[in-house]
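First the structure, in the form of structure tokens, and then the observations on it.
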Amino acid sequence: MNVYVGEAAGYVITDPSDPLFGPGAPYETSLGLGIPLIIQDRTFVPQDAQLYNQYDANGNVLSYGRTRPGMLLAGAAMATSGTTMCTCPPRTLATRAA
Amino acid sequence: MHSDLPPTTLRGYVQLETSVVTGSHYALPGGKFGVDAPHFLGPTIVAQKDRPVRITFYNLLPTGAAGDLFLPVDSTIMGSGEANHMHPYDQRRRLVAMSWMKPATRCATSTEDGRLLQDNRATLHLHGGNVPWISDGTPHQWITPAGEATAWPQGVSVQSVPDMVNNPAVPDCSAPNDGCQTFFYTNQQSARLMFYHDHSWGITA
């Protein structure tokens, strides 16, 4: 997800002795390199509702990954079978504006 | 993105201003300033063969609920969402998995967030780079922003560049919850185009 939402950028290693990109070479630019070409495949939709699937594996739209069905949405304290690691107070979930 | 497209929400990287690198003083979270506004697929790092690059990386993503990703995340993937989703049916293995994540304390906070692998984890991985492992940005070398309320402020494999610790010339990023980490790229390889990207466990792709 992080790469898809934009956490990615170019990194160029130049070489002064490179016959194509070095000083005076055919593809040299002011930075000593050619023009980086990056191709990506993306989906653009006017509204989120037009996405094929807005829901995470738990059926939630926002606060993805933070709840399990019927637990914190109802304001119940987190309880797990076996050892309880922490006592967790109710948590208010943000809802997405229509 | 293309100027014909309407605005959209993104995350991204930006070059921070330093004492020797200045720019338009673009205000960023955490009291930091960028040399300019963040740009999609930027900033490109231009290095030279056999000349190392050092990076001090700050995670300036929002904390708390604002740090959640704004797209659907499959929290059943290992390394995403609740830690005990990793082994939901085996208590013994679950505890092993949780200790694997090197919690700062067993229960650092009394909130639900302390149990989660946050969506605002981030790191740098130089894709195709000839990089020593401590600076590779592996899936277990992520950090959370400073001030994040989490039992796991960083992944288990985070390592500082040795000579960037206790070095008055650069910020010290050796604390687990300082929201920054250091990288060293050798550039000992032929000229090429690569890219760097996030590699955080469970939320990279």
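Chains Y and U supply the protein sequences, listed in that same order.
Each residue of the first sequence is one higher than the one before, starting from 389 at the first, in my numbering.
Each residue of the second sequence is one higher than the one before, starting from 486 at the first, in my numbering.
We put the beta carbon where it would ideally sit given N, CA and C, even for glycine.
As the structure is a computational prediction, the values presented were derived from the model and not from experiment.
- U/His-684 sits away from U/Thr-635, with the two beta carbons spaced by 8 Å or more.
- Distance check between U/Ser-659 and each of U/Lys-517, U/Pro-638, U/Tyr-670 and U/His-612 places U/Pro-638 closest, using alpha-carbon atoms only.
- For Y/Gly-410, the CB contacts under 6 Å within the same chain, skipping 5 residues up- and downstream, are Pro-404 in chain order.
- For U/Gly-549, no CB of chain Y lies under 8 Å from its own CB, so it is not counted at the interface with that chain.
- Per DSSP, reduced to three states, the secondary structure at U/Gly-549 is helical.
- About 5 Å separates the beta carbons of U/Pro-630 and U/Thr-548, which is inside the 8 Å limit, making them a contact pair.
- About 6 Å separates the beta carbons of U/Phe-669 and U/Pro-537, which is inside the 8 Å limit, making them a contact pair.
- U/His-625 is not bridged by DSSP to any residue.
- Scanning chain Y for C-beta atoms nearer than 7 Å to the C-beta of U/Val-520 yields nothing, as the closest lies near 14 Å away.
- CA-to-CA, the gap between U/Ser-675 and U/Ala-550 works out to about 43 Å.
- Interface with chain U (8 Å Cβ-Cβ cutoff): Y/Asp-429 is excluded.
- Note on U/Pro-624: 16 or more other CB atoms within 10 angstroms of its CB, so buried under the neighbour-count rule.
- Put simply, the CB of Y/Gly-398 is near chain U, with a gap under 8 Å to one of its CB atoms.
- At least 8 Å separates the CB of Y/Gly-412 from every CB of chain U.
- Think of a sphere of 7 Å around the beta carbon of U/Gly-527: the chain Y residues whose beta carbon falls inside it are Ala-397, in chain order.
- What U/His-487 touches in chain Y, judged by beta-carbon distance under 7 Å, is nothing: the nearest beta carbon there is about 10 Å away.
- A direct Cα-to-Cα measurement between U/Leu-495 and U/Phe-525 gives close to 8 Å.
- In this structure U/His-612 is in contact with U/Phe-680, their Cβ atoms being roughly 5 Å apart against a cut-off of 8 Å.
- Residue environment for U/Gln-603: buried (at least 16 other C-beta atoms within 10 angstroms of its C-beta).
- Using a CB distance cut-off of 8 Å, Y/Val-393 counts as an interface residue toward chain U.
- Residues of the same chain with a CB within less than 7 Å of the CB of U/His-510, apart from the 5 flanking positions on each side, are Glu-502 and Phe-518 in chain order.
- For Y/Pro-424, the neighbours in chain U by C-beta distance under 7 Å run, in chain order, Thr-529 and Leu-678.
- Straight through space, the alpha carbons of U/Gly-497 and U/Trp-686 are spaced by roughly 18 Å.
- Of all alpha-carbon atoms in U/Val-641, U/Gly-564, U/Asp-621 and U/Gly-527, the one lying nearest the alpha-carbon of U/Met-486 is that of U/Gly-527.
- Taking the Cα of Y/Gln-435 as reference, the smallest distance to any Cα among U/Pro-523, U/Asp-648, U/Gly-515 and U/Thr-493 is reached at U/Thr-493.
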